[in-house]
Every structure is written in structure tokens, then in C-alpha cells.
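Numbering of the sequence shown is given in the numbering used here, commencing with residue 223 and proceeding in unit increments. Quick reminder that beta carbons are idealized off the backbone N, C-alpha and C, glycines included.
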Amino acid sequence: MKKLDKLLVLSYLGPLVLTFCIALFVLDMMFLWKYVDDLIGKGIEGAVLAELMFYASAVQVPMAFPLAVLVASIMTFGSFGEQFELTAVKASGVSLFRFMRPLIYFSFFLSMLAFYFSNNVLPVANLEFSTLLSDIRKQKPALSFQEKLFNNDIDNFSIRVNDKSEDDKTVYGLMIYDHTENRGNNHLILADSAEFSYANDGAIMVVNLFNGKQYKEETLPSETNGPAKMLTTSYSSWEKHFDLSEFKLERQDQGAFTKLHRMLNFNQLKTGADSTKLEIEDEKDLMMENLSRYYIFTKAKTDTTGIYNFDLLDINFYESFDTSSLIIQKNIMKSSLIKARNIKNIIIGKQDIIKIKNRDLVQYQVYMHQKFTLSVACIVLFFIGAPLGSIIKKGGFGWPMLLAVIFFVIYIVTSIMGEKTAEQLVMKPWQGMWLSTALLLPIGVFLTWKAMNDSPIFTGNSLTKFLSLFKKH
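This is how it looks when you write it as C-alpha cells:
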């Protein structure tokens, strides 16, 4: 049996790695399509783009890995069934469950590996990916001069060229408007030709101007209120520098992203959830303390009851109120109205704060459960794919891929739906995050039972009986 177990594991590893790479490649292409506008035209270095794609691939693993497990299990057992190897194994007295046992162990190993990745690698990948993508989005597009068009990318300068050489280093008919003094178009530089070069790793653009003139309006200090005078300067050559540091990719501090929920591991999420629960309780206590100042509530919270009781108004109050003068009654009613409005504002304000903190708590709990859903999904999808492959007895990428896509779409749709309903407080976090597992697990048990008993999923008689139910009604 050891040779058979080894054969099964080796037959499973090939499709698993292949489908995982294909799924990851497709998801990476979807990422590029989504963010293509943020990446094109900014002169991003190949190393930076490769780093971004590496982190993007790591972020896509939780979606690619379950699909790879599902497709590989269907392909492996479908191939064994198509070549009658599965029939020979069963004829020799080996049950399907015993035949699946090495891959069951392997699936549990993959689930532990998936949890480690989700808890330790994915938060770091999310942090690096979000930071780098944010830096690229903030970066200006690469500086490019088009013929006979003004370029305003460099702050306080407007530059126009009439013609360019093929190497883009020499231009002709250069015109530069200098707006550094914020006085309009009071400073113009013209040049018959110019050569461009770069220094300090591209942070400075050096422009060598040839055969030109400079026109600048200036007001002399002794003539502050007088008219501006035009100063004209001719030159044969002039070296001018432009700061291009804003066009360089600047890596910002990651501190702005470290507190996001998807950047945290399980222990950090648990600590954050516990802290948020305490903050919610503190806000409730503070609200009741504020209300108690208006003598509406009596703070009777104890370790045993933990509740607040309403004050009972003294019945003599109504008698004294009726016998009071009209002015006193108006003052009492006015004071009561002010207190009621203050109480309403306190309750509304604290309710908003508590609602925000509750949503924050739900986010912590959602991501805590998400650390485990990926691991369990690998096991559940294996118990769907393996028996399904042994039933359909088809290998390759045809039927296995079609069936895998159907079940994977169900898994993804229910996962997203469960997560969104949990975030909207429609369902509890554990209910929303385990919705897909609760839906697919019975299907896996049913398919495994069918495969172990060598019974097809649908037979002609069962289909006839199913259709006959509609005819009766």
C-alpha cells in the first residue's frame, strides 16, 4: 500500500501545483487590468513592478489555493477512474476511503499550511502591497514633452518645445515660463536649442540652453509703486536645473496601514476585539452616568444584576405641581423640556459612538474567523472534489474544470455574501464567515457517501421520480 499511497500523492501534487499557478496567473492578470490606470505612464522601474506583483500574488493566494485543491482532487480521481485504476483498487479489496487516506492526511497538512500563511504571511503581504500601491498612486506620471504643447507637470514651470530629436535628448525652439514668483507670466526664457540630462538618480533634470534670451519684468526697490520694467538678457549657453524629486517613487511610512484589520494576525485581532468590547462597556457606563445627572436613572448596577433602574417619581410631586402658581409650573415644564432634550442628545451621541465601535468589533471578529475559513475550505473542497472525480471518471481539464468552477463560484459567492451580511450586522460574524462551509460540507458528505457506495448521483429512475413530483401537482 505504501507504493500506492506514494503514487496517489505524486499524482495529486502535479495538478495541484499546475492549477494553483494557473489560478494565480489569472488573478494577477485581473489585478493588472483593475489597476492598469495607476501603473501606466509613471516610469515605474521593473524591480518595483516585480515587487508589487509579488505582494499582489501573495494577497491572491487565499482565493487561488481552494480552487487549486478542488480542481486537482477532481482531476486526480477522475483520471484514476477514467483509466480503470480506481476500479482495480476497489476490486483488490481496498475501499475508496482507504484509498483516499493519504490525500486526507495531506489535505489536513495543507489546511495547517494555509492557516500559517493566513495568520503570518498574509498580513505582511497586505501591508506591503497596500503601502506600495498607495505610493505608486501618489506618484506623478513620468515627465514627457510633446511637440508644440505646453507641459505643466513641473511645479511653477510651463515648458514648450517646437521639435525634438529622435533620442529625446535634444530639443529645438524651447520656451520656459517661470512662475516661481507667483506674478503671472513675468519671466520668459527662450532658447534655439537645448540638451536634457539627469543627475542624482533622476531627481534633478539638467537643461543646457543654447543661443537664447531671457525676458523678465521687475520693479526696482526705489520704485515700488512705479511701473514694472522689462529686463532682457542674451546668452550663448546656460545650464538650468529642475527638481524632479516629486516624480520619483517615495516609499512612505507603513504606520498608516498597520492598524487596519487585514494587516493583523490572530493574536492582534483578538487583543483588538477585547479592547473594543471594553471600550463599548465604558461608553455605556459613561452614558448612564451622564443620564444620572438629570435624575432620570438611578445607578443601581451591581456585580449580580448589572442593570440600571428607573427612578420612581414621588407621587406628592403631582399634588405640589397642581397647587403651584402658573409661573412655577411654566418654569418646571421649561426645565423639564431642556433636560429631556439634553438626555436625547446624550443618548443619540452615545448610540452613534457605540454603533461605530460595534462595527469595528465585527470587523475584528470577521477577520479572526477568516483565519480559519481558508484552512477548513481546503478540507471541505477536497471532500467534494475527490468523490466527484471518482463518480464522473473524467480526467484532464474538461469536466473537472467545469465542475470545479461551479462549486468554486458557490464557495466564493456565499463567502462574500456571508462576510458582507456580517459586516452589515445582519448576521453574527461566525454565522456569516462559516456560511459557505455550512453550505458545502453537507454536499461533500453526500458525494463521499455516494462514491463509497459506487452509486451515481442521479439515475434514470431517480430523475423520473423527481419529474413525476411536478406532474402530480
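Where does residue i sit, in a helix, a strand or coil, going by DSSP?
i      : result
ASN487 : coil
ASN408 : coil
ASN184 : Residue 184 lies beyond the stretch modelled for the chain, which goes from 223 to 695, so this question has no answer here.
GLU645 : helix
GLY666 : helix
SER387 : coil
VAL631 : helix
TRP656 : coil
LYS225 : helix
ASN675 : coil
ASN422 : coil
GLY395 : strand
LYS650 : coil
LEU453 : strand
PHE330 : helix
LEU482 : coil
VAL316 : coil
SER497 : helix
LEU230 : helix
ASN433 : strand
PHE379 : strand
PRO417 : Before going on, a small fix: residue 417 reads as Glu here, not Pro. Of the three classes helix, strand and coil, the one that applies to GLU417 here is strand, per DSSP.
Exposed or buried, what is residue i when buried is set at 16 or more other beta-carbons lying within 10 Å of its beta-carbon?
i      : result
ALA562 : exposed
SER295 : buried
ASN348 : buried
TYR338 : exposed
TYR633 : buried
SER597 : buried
THR493 : exposed
ALA626 : buried
SER459 : exposed
THR402 : exposed
ALA336 : buried
ALA286 : buried
SER329 : buried
SER192 : Limits of the chain in this structure are 223 at one end and 695 at the other, which puts residue 192 out of reach.
MET322 : buried
GLN551 : exposed
GLY528 : Summary for GLY528: the model assigns pLDDT 44, below 50, so the residue's position carries little reliability; its value from the coordinates is reported in the next sentence. So GLY528 counts as exposed.
PRO664 : exposed
THR670 : buried
Just the C-alpha distance for residue i and residue j, rounded to the nearest angstrom, thanks.
i      : j      : result
LYS499 : TRP255 : 40 Å
GLU439 : LEU410 : 9 Å
THR298 : SER637 : 26 Å
LEU238 : VAL293 : 8 Å
GLN646 : VAL588 : 11 Å
LEU748 : LEU318 : No answer is possible for residue 748: the residues shown for the chain start at 223 and end at 695.
ASP375 : ILE560 : 58 Å
GLN368 : HIS463 : 20 Å
MET590 : VAL343 : 15 Å
LEU325 : GLY315 : 19 Å
PRO456 : ILE266 : Per the sequence presented here, residue 456 reads as Ser, with Pro not at that position. Going by the C-alpha atoms only, they are around 39 Å apart.
LEU289 : THR595 : 14 Å
ILE568 : ILE576 : 12 Å
MET509 : SER497 : 18 Å
ILE381 : VAL635 : 52 Å
LYS244 : LEU235 : According to the sequence shown, residue 244 is Ile rather than Lys. Taking the straight line from one Cα to the other gives about 14 Å.
ILE537 : LEU661 : Confidence at ILE537 is low in this model, with a pLDDT of 46, below 50, so the placement of that residue should be treated as unreliable; the coordinate-derived value is given next. Taking the straight line from one Cα to the other gives about 59 Å.
MET452 : ALA421 : 33 Å
MET555 : GLN573 : 27 Å
LYS225 : GLU307 : 14 Å
GLN699 : VAL346 : What is shown of the chain runs 223 to 695, which leaves residue 699 out entirely.
VAL281 : ASN408 : 52 Å
PHE247 : LEU513 : 59 Å
PHE668 : VAL283 : 28 Å
MET251 : GLN305 : 35 Å
Since residue i contacts residue j with CB under 8 Å, what's their CB separation in whole angstroms?
i      : j      : result
LYS579 : ASN341 : LYS579 to ASN341, Cβ: 25 Å. No contact.
LYS391 : PHE418 : 5 Å
SER415 : TYR437 : Going by Cβ atoms, the distance from SER415 to TYR437 rounds to 18 Å, so no, they are not a contact pair.
VAL602 : GLY666 : 5 Å
CYS600 : SER333 : 5 Å
ALA413 : ASN433 : 7 Å
LEU583 : ILE502 : 7 Å
VAL672 : GLY303 : Before going further, note that residue 672 is Lys rather than Val in the sequence given. LYS672 to GLY303, Cβ: 13 Å. No contact.
TYR277 : LEU354 : 7 Å
LEU431 : LEU486 : 55 Å between Cβ atoms; not a contact.
HIS483 : TYR399 : Not confirmed; about 49 Å, so no contact.
MET427 : LEU466 : 5 Å
ILE613 : PHE629 : Contact doesn't hold; Cβ gap of about 13 Å is too wide.
- Item | Every unbroken alpha helix (DSSP H) inside the stretch 240–313 [4 residues or more] | 268–304 and 307–313
- Pick out the complete beta strand (DSSP E) segments inside the stretch 544–626, 3 residues or longer, and give them in chain order. none
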